[in-house]
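Heads up, the thing below is written out as structure tokens.
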Amino acid sequence: METQVMSNHLLDMNKGAADIEIAVRKGEFFVHATPTGNGFSICMFEHGGPNWSYFFATESEALAERNDISELYNQQITVGDRVETDVWDGVVLKAKRHLEGDLIALYQGDTFIGSKTWKSLSGL
Numbered sequence: 001m002e003t004q005v006m007s008n009h010l011l012d013m014n015k016g017a018a019d020i021e022i023a024v025r026k027g028e029f030f031v032h033a034t035p036t037g038n039g040f041s042i043c044m045f046e047h048g049g050p051n052w053s054y055f056f057a058t059e060s061e062a063l064a065e066r067n068d069i070s071e072l073y074n075q076q077i078t079v080g081d082r083v084e085t086d087v088w089d090g091v092v093l094k095a096k097r098h099l100e101g102d103l104i105a106l107y108q109g110d111t112f113i114g115s116k117t118w119k120s121l122s123g124l
């Protein structure tokens, strides 16, 4: 099951972090997502092999990281490492794992956006 693999990896990467253990148990996370033509794509990072989605246990953690990434992009634009139009337009969404199957439902605030598999959301 895709979401079980994802959950196990999150626990392995964050050993001893109570907040991520609670999030995994509840099946509710916050993610960085980039708007696309047909919805959103969950942002990825490389961690010891395959790419994994940016999943956060709390909204405040996800927002702080989003602000850091946005600031980094702006600094890189300022020094010429990125072109002026290469801004990061990621947003923070709530992601809820369905109890059955591999679907993840995305919410912007309380508004349901849609459900897709973790792999299709992340482009894997």
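In this text, residue positions in the sequence shown follow full-length UniProt numbering: the first is 1, and each later residue adds one. Positions of the beta carbon are idealized from the N, C-alpha and C atoms, including for glycine. A quick note: this is a predicted structure, and the numbers were derived from the prediction, not measured.
N-terminal and C-terminal residue of the alpha helix (DSSP H) that residue i is part of
| i | result |
| --- | --- |
| residue 65 | 59-78 |
Separation of residue j from residue i, as counted between CA atoms
| i | j | result |
| --- | --- | --- |
| residue 31 | residue 38 | 17 Å |
| residue 68 | residue 91 | 13 Å |
| residue 74 | residue 40 | 22 Å |
| residue 58 | residue 79 | 32 Å |
| residue 120 | residue 106 | 13 Å |
| residue 77 | residue 33 | 21 Å |
| residue 114 | residue 22 | 24 Å |
| residue 84 | residue 60 | 28 Å |
Bounding residues of the beta strand (DSSP E) (the contiguous stretch that carries residue i)
| i | result |
| --- | --- |
| residue 39 | 39-42 |
| residue 28 | 28-36 |
| residue 97 | 91-97 |
| residue 85 | No beta strand (DSSP E) holds residue 85; DSSP gives it neither H nor E. |
Among the options, the one whose alpha carbon lies nearest that of residue i
| i | options | result |
| --- | --- | --- |
| residue 65 | 79, 103 and 89 | 89 |
| residue 116 | 110, 104 and 108 | 104 |
| residue 28 | 98, 61 and 86 | 98 |
| residue 86 | 96, 70, 93 and 94 | 70 |
| residue 93 | 83, 22 and 109 | 109 |
| residue 62 | 19, 112 and 77 | 19 |
| residue 111 | 102, 121 and 96 | 96 |
Neighbour-count burial assignment, residue i, 16 or more Cβ in a 10 Å radius
| i | result |
| --- | --- |
| residue 42 | buried |
| residue 25 | exposed |
| residue 55 | buried |
| residue 72 | exposed |
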